[in-house]
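*Asks:* Using UniProt numbering, the first residue of the sequence shown is number 1, and each one after it goes up by one.
Please see the structure below; I have some questions.
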Amino acid sequence: MENQNEQSEWETNLEQPIKENRELQEADRNEENNDNNVRKPTFQTPKTIEAEQKIHADPWDTDAWVTLFMEAQNQPIEVARSTYKLFLSQFPTAGRYWKLYIEHEWKQGNEEVVEDTFQKALLTCHHIDLWKTYTDYIRSRKSRTEATEAYEFALKHLGLDIQINHLWNDYIVFIQEWEPRNAQEENTKRDQLRSAYQRALQTPMYNLDNFWKEYENFENSLNRTLAKGLLSEYQPLYSAARAEFRARKNRREGLLLNVLACPPSPKMEEQVRLWRKYIEGEKSNPHKLETEELHKRVVAAYEQAIICLYRYPDLWLEIYFYHVQRRDLDTAKEYLYRGIQACPECAMLYFCLADLEESMKNFSIVESLYEELLKLSPSSLVYIQYMQFLRRVKGIDASRKLFLRARKEISDYHLYIAAAELEYYRNKNLDAALNIFELGLKSFPQVLDFALEFIAFLWMLGDETNLQALFERLLLEYPVEDSPVIWDKYCQFAQSFFGLEKRREIEMRRLEAIGGGEKFLLESALSYYSFRDVNGWTSSDLLYIGDSLNSRQSIHTVSSLEPKSTKSTTKRNRTSIDSKRTESNFSSHWGGNSGSLLESLQALMNMFPFASDIIPDVNYVLNLVVCTPDNVQGIPNIQNEKSRGEKRKNTSDWSKGMNPNSLSPPHRMNGMSTEEEEVEENAPTYNVPSDNQRLPTRDIFRVRQAQRQAKST
């Protein structure tokens, strides 16, 4: 192909990344800001007036924006241009609207404006309609060589879109229309056409069957003998592309490809889910592609998602980390710059970019990024990250100066905590850290969270004297509603640092100040006579205490501290206090009664054999779990079952023929023989402890084994 390996000046300009030209980026941003300041178009109609009012109330009212744009289509380009720019600064990935704007300029013969607009739009928006307009424009205005390069450029960037068939068709028609002047050009045309067909046939896209038929006719018209070999070579590739196209088309089911990109909102949740599913489907490599081919498809999927989710910071971060994982830092950086343009107030994008630039020793760029972010969205977090960067790169003095500046501009106690920790951990300066904490106490005299951070810091240091003085000071200065938290911390401190008499003295002071009675003393004792997940209580003791304290504390029993017992006793008591720790989780996630669920699980655990070498039937256990009633008091009985209504009878035969004093297996095998029923009736029973009653139950796994033995004999 002519000059295939050489980039035209036009293509080079298009591919010039924004990240390489900070001045251009700033100029574009300023232009967009100027456009955004002009919220009224230069013309007015009844529809535009109504649309303006809606946009004023909601800047992301897409229907109002579309009304404004379509009204501009009826105006002269000089009048409509400002409205177009206003719309496209708000929705820069709206490919169809870029196309309409460019066509309006094109009709008026404004070629310079058209080319400038293409240069802004193409690498921002990977939309077929826009790129097809671009190739049509180059084909009509430029030389054949430049048109060829334009098609190749478009196929390079959008070649994996399943709608790329439109561009391939135009490209092939463009080659076919060439009229060679000599034999050499005739050969060149033939080779170009063959190459285009062969590449198109390997692309998963619409209308592949038509391309295959055209290719068959093309080869057969030249040389049937040669055609037979070529067609047999490319037929498997064509079939694979067809299969991949069908799969990709199914994965894209439900995706709306022309949605105007707005910030995250509930109405887009379903589209976000579908895009995530589509991208993960591409990453899973269902077609077993080579690494580079798979990478191209993943990038193409991300670019398509950007069209609709342009204002979603987490999408840009995901793309960034995808490229970081591949160690392609230059591409990762380019996406971060694009992400910052899309979501300029997202601090996370700036932080990632600052770290990346720092790793590349671009320290001046990092400083400019932090300063830019402080102008857009000043916050304590930005100052904290900035301080840490300056400490790494410029040293102690630079980070301290920034802290002094931040104190004047931001009133947030987190700044003081971060500065103090920086002094202690990085500068090894304990006195400076303590001074900053003291300064914070003066600046935030009744902010409990800051006081707790100061307590934690002194606790970490083991500074008993200053810590006790701080507790006494806080109890005097802080409001009464904060005192329970401070007193609890003070009591914990006494347990760790003081002797028995001093500890009891502080506990008594706490009781006098805020009350609590024996419940508090019980909690205190439970805490004091434990160590991490080890305590000296038995399971039954803990169950009682847990009920008394309303499960306020999470306790884990270590079996070695329980009294020695037989295997059966141990297994009866193995309903762990951990079950209580998960009560709230069951209740909040599934909306059920957590108490009844725990009782059901206790009953289920007690049904397991106490000492047996028999391996339970997994499916049988699962059926048992599924059929466990939602509300069981100890062991289910026939009255509980009747209260469940007919619905339970339709879904389980748990209650069929149930003896009120026994618990039958929840899933009786159909066609059970008389001998098997006799074995079941004679099965041994065990007394099971219950809060309300003691009912016999059966060793169900021995029943199952007996049934199998009976069958085998």
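Heads up, the beta-carbon is just placed ideally off N, CA and C, and yes, glycines get one too.
Which stretch, first to last residue, makes up the alpha helix (DSSP H) that contains LYS156?
*Replies:* The residue you call residue 156 lines up with position 156 of the sequence shown. 144-158 is the extent of the alpha helix (DSSP H) around LYS156.
*Asks:* Looking only at its chain, what residues have a beta carbon closer than 7 Å to the beta carbon of HIS126, apart from the 5 residues adjacent to it on each side?
*Replies:* Taking the first residue of the sequence shown as position 1, residue 126 is located at position 126. Cβ neighbours of HIS126 beyond the five flanking positions: HIS157, LEU158, GLU303, GLN304, ILE307.
*Asks:* Have a look at LEU274 and LYS489 and give me their C-alpha separation to the nearest angstrom.
*Replies:* Counting from one through the sequence shown, the residue named residue 274 turns up at place 274. Counting from one through the sequence shown, the residue named residue 489 turns up at place 489. About 48 Å.
*Asks:* Relative to the C-alpha of ASP170, which candidate in ILE128, ASN223, ALA183 has its C-alpha closest?
*Replies:* Position 170 of the sequence shown holds residue 170. The residue with the shortest Cα to Cα distance from ASP170 is ILE128.
*Asks:* Which whole-angstrom value is the C-beta distance of LEU448 and ASP482, which I expect to be below 8 Å?
*Replies:* As a working note, residue 448 is residue 448 in the sequence shown. As a working note, residue 482 is residue 482 in the sequence shown. LEU448 to ASP482, Cβ: 5 Å. Contact.
*Asks:* Taking just the CA atoms, how far does GLU438 sit from ALA419?
*Replies:* Reading the sequence shown from its first residue, position 419 is the one you call residue 419. Reading the sequence shown from its first residue, position 438 is the one you call residue 438. Each residue's Cα considered, the two are about 12 Å apart.
*Asks:* If we count Cβ pairs, one from each stretch, closer than 8 Å, do we get three or more for the segment 100-120 versus the segment 279-289?
*Replies:* Result no; under three Cβ-Cβ pairs closer than 8 Å.
*Asks:* Taking DSSP as the reference, what is the three-state secondary structure of PHE43?
*Replies:* Counted from its first residue, the sequence shown places residue 43 at position 43. Coil at PHE43, not helix or strand.
*Asks:* Does the pairing of the segment 368-383 with the segment 335-349 give three or more beta-carbon distances under 8 Å?
*Replies:* Counting Cβ pairs under 8 Å, three or more are found: they touch.
*Asks:* Would you decide whether MET268 is buried or exposed? Buried here means 16 or more other CB atoms lie within 10 Å of its CB.
*Replies:* The residue given as residue 268 occupies position 268 in the sequence shown. Buried, because 16 or more other Cβ atoms sit within 10 Å of the Cβ of MET268.
*Asks:* Do ALA241 and LEU294 have their beta-carbon atoms positioned less than 8 Å apart in this structure?
*Replies:* As a first step, residue 294 must be located in the sequence shown, where it is residue number 294. As a first step, residue 241 must be located in the sequence shown, where it is residue number 241. Not closer than 8 Å, so no.
*Asks:* Bridge partners of PHE531, per DSSP?
*Replies:* In the sequence shown, residue 531 corresponds to position 531, counting from 1. Paired residue(s): VAL534.
*Asks:* What separation, rounded to the nearest whole angstrom, lies between the Cα atoms of TRP131 and LEU122?
*Replies:* Numbered from its first residue, the sequence shown carries residue 131 at position 131. Numbered from its first residue, the sequence shown carries residue 122 at position 122. Going from the Cα of TRP131 to the Cα of LEU122 covers about 7 Å.
*Asks:* Using the C-alpha atoms, what's the distance from ASP533 back to VAL558?
*Replies:* Against the sequence shown, residue 558 aligns to sequence position 558. Against the sequence shown, residue 533 aligns to sequence position 533. Low local confidence applies: a pLDDT of 34 at VAL558 is under 50, so the model's placement there is unreliable, and no value is given.
*Asks:* According to DSSP, is PHE363 helix, strand or coil?
*Replies:* Counted from its first residue, the sequence shown places residue 363 at position 363. Note: PHE363 maps to helix in three-state DSSP.
*Asks:* Let me know the secondary structure DSSP gives PHE586 once reduced to three states.
*Replies:* Translated into the one-based positions of the sequence shown, residue 586 becomes position 586. Residue confidence is low: PHE586 scores 35 on pLDDT, short of 50, so the model does not pin down where it sits. Its coordinate-derived value is still stated next. DSSP places PHE586 in helix when its eight states are reduced to three.
*Asks:* Between the beta-carbon of THR83 and the beta-carbon of ALA94, is there less than 8 Å?
*Replies:* Indexing the sequence shown from 1 puts residue 83 at position 83. Indexing the sequence shown from 1 puts residue 94 at position 94. Going by C-beta atoms, THR83 is not nearer than 8 Å to ALA94.
*Asks:* SER524: which of LEU336, ARG503, LYS189, TYR134 sits nearest, CA to CA?
*Replies:* Position 524 of the sequence shown, counted from the first residue, corresponds to residue 524. Ranking the options by Cα distance to SER524, first place goes to ARG503.
*Asks:* Quick one: grab the DSSP three-state call for GLN492.
*Replies:* Position 492 of the sequence shown holds residue 492. If DSSP states are grouped into helix, strand and coil, GLN492 belongs with the helices.
*Asks:* Is it buried or exposed, THR145, if we count other Cβ atoms within 10 angstroms and call 16 or more buried?
*Replies:* Here residue 145 refers to the residue found at position 145 when the sequence shown is read from its first residue. By the neighbour-count rule (16 or more Cβ atoms within 10 Å), THR145 is not buried but exposed.
*Asks:* Tell me whether VAL324 sits in a helix, a strand or coil according to DSSP, three-state version.
*Replies:* Here residue 324 corresponds to residue number 324 of the sequence shown, with the count starting at 1. VAL324: helix per DSSP, three-state reduction.
*Asks:* May I have the straight-line CA-CA distance separating GLU244 from PRO204, to the nearest angstrom?
*Replies:* Looking up residue 244 in the sequence shown gives position 244. Looking up residue 204 in the sequence shown gives position 204. Cα to Cα, the separation comes out at about 6 Å.
*Asks:* What distance in whole Å lies between the Cβ atoms of ALA150 and ILE175, which are believed to be in contact at a cut-off of 8 Å?
*Replies:* Taking the sequence shown and counting its residues from 1, one reaches residue 175 at position 175. Taking the sequence shown and counting its residues from 1, one reaches residue 150 at position 150. Rounded, the Cβ-Cβ distance is 13 Å, inconsistent with contact.
*Asks:* Nearest-angstrom Cα distance between ILE55 and TRP65?
*Replies:* Counting from one through the sequence shown, the residue named residue 55 turns up at place 55. Counting from one through the sequence shown, the residue named residue 65 turns up at place 65. One C-alpha to the other measures close to 7 Å.
*Asks:* Is ASP314 a contact residue of the ligand FMN, with contact defined as CB to any heavy atom under 7 Å?
*Replies:* Among the components of this structure there are no ligands whatsoever, and the ligand FMN is therefore not found.
*Asks:* For TYR234 versus ARG252, is the C-beta spacing smaller than 8 Å?
*Replies:* In the sequence shown, residue 234 corresponds to position 234, counting from 1. In the sequence shown, residue 252 corresponds to position 252, counting from 1. The answer is no: Cβ separation not under 8 Å.
*Asks:* So, for ALA80: in the same chain, excluding its five sequence neighbours on each side, which residues have a beta-carbon less than 6 Å away from its beta-carbon?
*Replies:* As a first step, residue 80 must be located in the sequence shown, where it is residue number 80. ALA72.
*Asks:* Roughly how many angstroms separate the alpha carbons of PHE363 and ARG246, rounded to a whole number?
*Replies:* As a first step, residue 363 is located in the sequence shown; it is residue number 363 there, counting from the start. As a first step, residue 246 is located in the sequence shown; it is residue number 246 there, counting from the start. Near 49 Å, if we compare the C-alpha coordinates of ARG246 and PHE363.
*Asks:* Looking at the unbroken alpha helix (DSSP H) that takes in LEU474, where does it start and where does it end?
*Replies:* The residue given as residue 474 occupies position 474 in the sequence shown. Its alpha helix (DSSP H) spans residues 464-477.
*Asks:* Count the other C-beta atoms from every protein chain shown that fall within 10 angstroms of the C-beta of residue 749, then say buried if there are 16 or more, exposed otherwise.
*Replies:* No answer is possible for residue 749: the residues shown for the chain start at 1 and end at 713.
*Asks:* So, at 8 Å on beta carbons, what are the nonlocal neighbours of GLN446 in its own chain, with the 5 sequence-adjacent residues on each side left out?
*Replies:* For this step, residue 446 is matched to residue 446 along the sequence shown. The answer, listed in chain order, is GLU477, TYR478, PRO479, ASP482.
*Asks:* Apply the 10 Å Cβ neighbour rule to VAL173 and answer buried if 16 or more other Cβ atoms are within range, or exposed otherwise.
*Replies:* As a position in the sequence shown, residue 173 is number 173, starting the count at 1. Classification of VAL173: exposed, given that the 10 Å Cβ count is below 16.
*Asks:* Out of LEU208, GLU219, PHE211, ASP209, which has the shortest C-alpha to C-alpha gap to ASP191?
*Replies:* Reading the sequence shown from its first residue, position 191 is the one you call residue 191. Measuring from the Cα of ASP191, the nearest candidate turns out to be GLU219.
*Asks:* Would you kindly work out how many angstroms separate the C-alpha atoms of ASN427 and GLU453, rounded to a whole number?
*Replies:* One-based indexing of the sequence shown puts residue 427 at position 427. One-based indexing of the sequence shown puts residue 453 at position 453. Approximately 19 Å, taken between the alpha carbons.
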